[in-house]
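First comes the structure, then the notes that go with it.
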Amino acid sequence: MGTSDLHIPCSDLPKYTTLTPYPRSPITPTPSSLSERFRLDGRVAVVTGASGQLGHAIARGLADLGASLALVDVAPDKATILASELGAEHRAFEADLTNKSQVQDLAKQIGDHFRRVDILVNNAGIGVFTPSEDRTEAEFASVVDINLGGTFHCIDAFRELLADGGGSIVNIASVYGVVSPDPRVYGDSGRNSSEIYGATKAGVVQLSKYFAVHFAPLGIRVNSVSPGGVFANQAQEFVDAYVNRTPMARMAAAADMQGAVAYLASDAASYVTGHNLVVDGGFSAW
80 MGTSDLHIPC SDLPKYTTLT PYPRSPITPT PSSLSERFRL DGRVAVVTGA SGQLGHAIAR
140 GLADLGASLA LVDVAPDKAT ILASELGAEH RAFEADLTNK SQVQDLAKQI GDHFRRVDIL
200 VNNAGIGVFT PSEDRTEAEF ASVVDINLGG TFHCIDAFRE LLADGGGSIV NIASVYGVVS
260 PDPRVYGDSG RNSSEIYGAT KAGVVQLSKY FAVHFAPLGI RVNSVSPGGV FANQAQEFVD
320 AYVNRTPMAR MAAAADMQGA VAYLASDAAS YVTGHNLVVD GGFSAW
């Protein structure tokens with residue numbers, strides 16, 4: 080492929096790449112206290128995969144800071160229960176994030192109900208644990224379609240709502256999008272992490288960097304959070320091996336991700352975009 084093959088006429092580019100040049104505005108004053116900058120009162124946050132372990136914790140953290148929540152899941156029963164527990168201002172929505180038209184309709188439903196969206200947390204994702212040589216095409220495709228496709232569809236569908244008043248996108252990636260799994264952690268535990276999971280999560284990090292650049296003129300910040308291994312009643316052999324590999328000598332709790340997501344979603348991170356915040360207890364530090 081020559082360089083001429085890479086040329087794309089400006090008229091063929093998506094509209095978010097043909098925006099006006101980056102504004103050069105003066106530094107705006109910050110609120111008088113740091114605690115005010117972390118608050119999310121009056122803001123609407125969309126959390127995908129809301130009924131999962133991480134989604135549940137992230138949603139509770141954002142609600143604690145005052146956000147109203149649109150809790151999205153392909154199987155919304157648990158999300159509906161969570162919404163009722165958190166309060167009347169929160170609502171559950173159902174969508175298959177691999178289906179672009181469903182995601183576009185989801186954005187319209189949420190926009191019609193809340194009249195605004197300020198925060199989008201792309202948390203929905205899956206893994207696969209079969210060895211690569213035994214993996215089916217359907218397993219491979221499902222990880223790509225949900226982890227990458229679902230994240231992309233949501234970013235695209237909610238772009239205009241987030242741009243209306245400036246917004247924040249937080250994509251949930253993984254430490255395995257940054258480093259390879261250590262085979263010594265898994266041993267004979269019967270659990271492993273696949274190469275396609277890591278590849279899609281690395282893609283989530285790159286999507287975040289790409290859209291951080293291209294959405295900056297819209298006033299939208301885009302970042303990612305890469306959790307380390309989260310404890311979920313795994314086999315003791317695996318837990319012991321993981322803990323021994325981690326400087327902080329424990330696995331993560333789902334609640335450990337609340338502060339990271341809330342920070343990136345809030346005005347406390349008003350000058351942070353294109354960043355991947357690794358929350359792994361030091362796992363990737365050595």
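Using the working numbering, you'd call the opening residue of the sequence shown number 80 and step up by one each time.
Every residue gets a Cβ at the ideal spot worked out from N, C-alpha and C, and that includes glycine.
Every value quoted in this text rests on a predicted model; they were computed, and no experiment measured them.
Any C-beta of chain D under 8 Å from that of residue i
| i | result |
| --- | --- |
| Val264 | The structure shown contains no chain D; it is built from a single protein chain. |
Span separating the alpha-carbon of residue i from that of residue j
| i | j | result |
| --- | --- | --- |
| Ser130 | Gln313 | 19 Å |
| Tyr342 | Ala149 | 19 Å |
| Leu185 | Lys179 | 10 Å |
| Tyr289 | Gly228 | 15 Å |
| Ala278 | Asn355 | 15 Å |
| Asp175 | Phe362 | 33 Å |
| Ala348 | Asp152 | 27 Å |
| Ser147 | Val258 | 35 Å |
| Arg116 | Ala334 | 21 Å |
| Leu113 | Asp120 | 14 Å |
| Asp261 | Val304 | 20 Å |
| Arg122 | Tyr321 | 37 Å |
| Phe317 | Gly282 | 26 Å |
| Phe208 | Asn271 | 6 Å |
| Ala220 | Ala154 | 20 Å |
| Asp243 | Phe172 | 22 Å |
| Ala162 | Asp143 | 13 Å |
| Asp41 | Lys280 | A query on residue 41 cannot be resolved here, the shown segment of the chain reaching from 80 to 365 and no further. |
| Asp346 | Gly245 | 11 Å |
| Tyr350 | Gly266 | 42 Å |
| Arg118 | Ala217 | 42 Å |
Residue i, DSSP secondary structure in three states
| i | result |
| --- | --- |
| Arg170 | strand |
| Val123 | strand |
| Ser273 | coil |
| Gly134 | helix |
| Gly353 | coil |
| Gly256 | helix |
| Leu165 | helix |
| Leu141 | helix |
| Ala331 | strand |
| Ser345 | coil |
| Leu176 | coil |
| Ile234 | helix |
| Val207 | coil |
| Gly246 | strand |
| Val200 | strand |
| Pro105 | Unreliable placement is indicated for Pro105, whose pLDDT of 49 sits below 50; no coordinate value is reported for it. |
Residue i: first and last residue of the uninterrupted beta strand (DSSP E) it sits in
| i | result |
| --- | --- |
| Gly361 | No beta strand (DSSP E) contains Gly361, which DSSP labels as neither H nor E. |
| Thr215 | Run containing Thr215: none; DSSP gives neither H nor E here. |
| Pro306 | Ile299 to Pro306 |
| Asp267 | From DSSP, Asp267 is part of no beta strand (DSSP E); its letter is neither H nor E. |
| Val153 | Premise fails: Val153 is in no beta strand (DSSP E) and is neither H nor E. |
| Val318 | Element bounds for Val318: not the beta strand (DSSP E) but the alpha helix (DSSP H), Gln315 to Asn323. |
Beta-carbon proximity of residue i to residue j, cut-off 8 Å
| i | j | result |
| --- | --- | --- |
| Gly256 | Val223 | no |
| Val196 | Val125 | yes |
| Val340 | Gly140 | yes |
| Asn302 | Val357 | no |
| Phe231 | Leu286 | yes |
| Met330 | Gly308 | yes |
| His192 | Arg170 | yes |
| Ala332 | Phe310 | yes |
| Ser247 | Arg194 | no |
| Ile198 | Ala344 | yes |
| Leu240 | Gly204 | no |
| Gly353 | Thr325 | no |
| Ala136 | Gln315 | no |
Best match in the options for proximity to residue i [C-alpha to C-alpha]
| i | options | result |
| --- | --- | --- |
| Thr159 | Leu176, Gln183, Asp143 and Thr127 | Thr127 |
| Val264 | Asn323, Asp191 and Ala364 | Asn323 |
| Ser273 | Asp261, Arg300 and Gly206 | Gly206 |
| Glu212 | Arg118, Gly190, Ile275 and Asn226 | Ile275 |
| Ala236 | Thr325, Lys187 and Ser253 | Lys187 |
| Val254 | Ile137, Leu240 and Ala364 | Ala364 |
| Leu165 | Asp156, Thr177, Ala138 and Ala154 | Ala138 |
| Ile251 | Glu218, Gln315 and Ile234 | Ile234 |
| Val200 | Asn226, Glu168 and Lys157 | Asn226 |
| Lys157 | Gly245, Tyr350 and Gly134 | Gly134 |
| Ile132 | Asn202, Glu168 and Thr177 | The sequence shown places Gln at residue 132, rather than the Ile named in the question. Selected option, being the one with the closest Cα: Asn202. |
First through last residue of the alpha helix (DSSP H) which encompasses residue i
| i | result |
| --- | --- |
| Ile189 | Lys179 to Phe193 |
| Asp224 | Here Asp224 belongs to no alpha helix (DSSP H), and DSSP marks it neither H nor E. |
| Leu113 | Leu113 to Phe117 |
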